[in-house]
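Be aware that the sequence shown starts at 5, since it is given in this note's numbering, and climbs by one per residue.
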Amino acid sequence: MGLHGGDLTGSLVTSRSGSASYRINMHLKKTEDSNMVSVAASVFSKLINSWCELSMDDNSLVIAPYKTTLNTNIMQPYAHGEVVLSVRYNALDQFEELDRKIRKVISSRKFA
Numbered sequence: 005m006g007l008h009g010g011d012l013t014g015s016l017v018t019s020r021s022g023s024a025s026y027r028i029n030m031h032l033k034k035t036e037d038s039n040m041v042s043v044a045a046s047v048f049s050k051l052i053n054s055w056c057e058l059s060m061d062d063n064s065l066v067i068a069p070y071k072t073t074l075n076t077n078i079m080q081p082y083a084h085g086e087v088v089l090s091v092r093y094n095a096l097d098q099f100e101e102l103d104r105k106i107r108k109v110i111s112s113r114k115f116a
């Protein structure tokens, strides 16, 4: 016999946690100035830090980079970054609020 959401004493699970994954890419558009490579690398790092800080106020919510890559070249200005964020939450409403905050961090960082 298998039990899902309960045990032999009759107790029930009334909430479940969940997880999500986000894949975010950054690509430098202005390639005429090699100084922009440094700016792009800095912005990328700050974005990741902003997302990780979202989990610091609540032990039931964890956000961490699972995989991060950043490739740059200052001789031929190029910068491309990718981060995969792993998210763990305890309630759907918590996830919906987190999703809104993650997207807000991106939209508040528009660069020419």
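No residue lacks a Cβ here, since even glycine has one placed at the ideal position from N, Cα and C.
Boundaries (first-last residue) of the alpha helix (DSSP H) holding residue i
i: Ala44; result: 39-57
i: Ser119; result: The chain is shown only over 5 to 116; residue 119 falls outside these bounds and no answer can be derived.
DSSP state of residue i mapped onto helix, strand, coil
i: Ile78; result: coil
i: Lys71; result: strand
i: Ser90; result: strand
i: Met5; result: Caution applies to Met5, whose pLDDT of 41 falls short of 50 and renders its modelled position unreliable; the value that the coordinates give is listed next. The answer is coil: DSSP assigns Met5 none of H, G, I, E or B.
C-alpha gap between residue i and residue j, whole angstroms
i: Arg27; j: Arg107; result: 12 Å
i: Glu100; j: Ser25; result: 13 Å
i: Val43; j: Val91; result: 27 Å
i: Trp55; j: Asn63; result: 15 Å
i: Met30; j: Ile78; result: 16 Å
i: Lys50; j: Glu57; result: 10 Å
i: Met40; j: Thr76; result: 10 Å
i: Tyr82; j: Ile52; result: 19 Å
i: Phe48; j: Ile110; result: 10 Å
i: Leu7; j: Thr13; result: With a pLDDT of 46 at Leu7, under the threshold of 50, the predicted position of this residue should be treated as unreliable, though the coordinate-derived value follows. Spanning the two alpha carbons is a distance of roughly 11 Å.
Residue range of the beta strand (DSSP E) that includes residue i
i: Ser23; result: 22-31
If we count Cβ pairs, one from each stretch, closer than 8 Å, do we get three or more for the segment 64-71 versus the segment 31-38? no
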